[in-house]
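These notes are about the structure you will find just below.
Residue numbers (this note's numbering): 1 to 224.
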């Protein structure tokens, strides 16, 4: 006995064609937006940036700007501190070599004195590096006469060290037979003293003096 044949599964069965596809059903049109435009405050709310009471939010008062001369003087102090730190390490090395060569043949008679002098001047230079860094930081973070004078003293000490090196090197190298090293020494001393000299010139200007001569309310005192 065979099961009845399903006419939908029989390919030989004739089927009737239905109505053609009429497309999706029509949808209702979306009504246009009748509210406030995009970004506008809702009715009853204050505009963006205004307080709920109708007054604009108070903005903090802009503080006085640090003069560029002060910033430049502090940057020159940091650059000078880096150069003096490297030079001090070299002077310490020279002092150590003098100390090790004491008593050797051909060692100069005043070699021990030169080693002591080199060690002392290197220690002074290291102290001047600390003074330069402290003075630069104070000039960038404080507004007081003490900050200005700390940086002025630190830069002035660099100029004094440059004069010392000029005199001392001319005396030492003048004993060496050969060519005249005056031009090279003058260039080296100029490079050593250029940054602190420019920094001192910036700090004695009126804008720098007005900035650091601040009263207790934070306003600069008038220049005389």
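C-beta atoms are modelled at their ideal positions from N, C-alpha and C, and glycine is treated no differently. Bear in mind that the values here come from a model prediction, so they are computed numbers and not experimental data.
Counted within 10 angstroms of its Cβ, other Cβ atoms place residue i as buried (16 or more) or exposed
| i | result |
| --- | --- |
| residue 27 | exposed |
| residue 204 | exposed |
| residue 250 | A question about residue 250 goes unanswered here, because the residues of the chain that appear run from 1 up to 224. |
| residue 157 | buried |
| residue 129 | buried |
| residue 93 | exposed |
| residue 186 | exposed |
| residue 167 | exposed |
| residue 172 | exposed |
| residue 86 | exposed |
| residue 148 | buried |
| residue 132 | buried |
| residue 184 | exposed |
| residue 67 | buried |
| residue 152 | buried |
Residue i - DSSP class collapsed to helix/strand/coil
| i | result |
| --- | --- |
| residue 196 | helix |
| residue 72 | helix |
| residue 143 | coil |
| residue 208 | helix |
| residue 150 | helix |
| residue 224 | With a pLDDT of 41 at residue 224, under the threshold of 50, the predicted position of this residue should be treated as unreliable, though the coordinate-derived value follows. In this structure, residue 224 counts as coil in the three-state DSSP scheme. |
| residue 115 | helix |
| residue 168 | helix |
| residue 23 | coil |
| residue 162 | helix |
| residue 89 | helix |
| residue 213 | coil |
| residue 29 | coil |
Proximity below 9 Å, CB of residue i to CB of residue j
| i | j | result |
| --- | --- | --- |
| residue 208 | residue 81 | no |
| residue 88 | residue 126 | yes |
| residue 120 | residue 98 | no |
| residue 162 | residue 189 | yes |
| residue 196 | residue 169 | no |
| residue 136 | residue 198 | no |
| residue 146 | residue 77 | no |
| residue 69 | residue 200 | no |
| residue 83 | residue 212 | no |
| residue 79 | residue 122 | no |
| residue 150 | residue 134 | yes |
Chain D within 9 Å of residue i, Cβ atoms only
| i | result |
| --- | --- |
| residue 200 | Checking the listed chains, one finds no chain D in this structure; it contains a single protein chain. |
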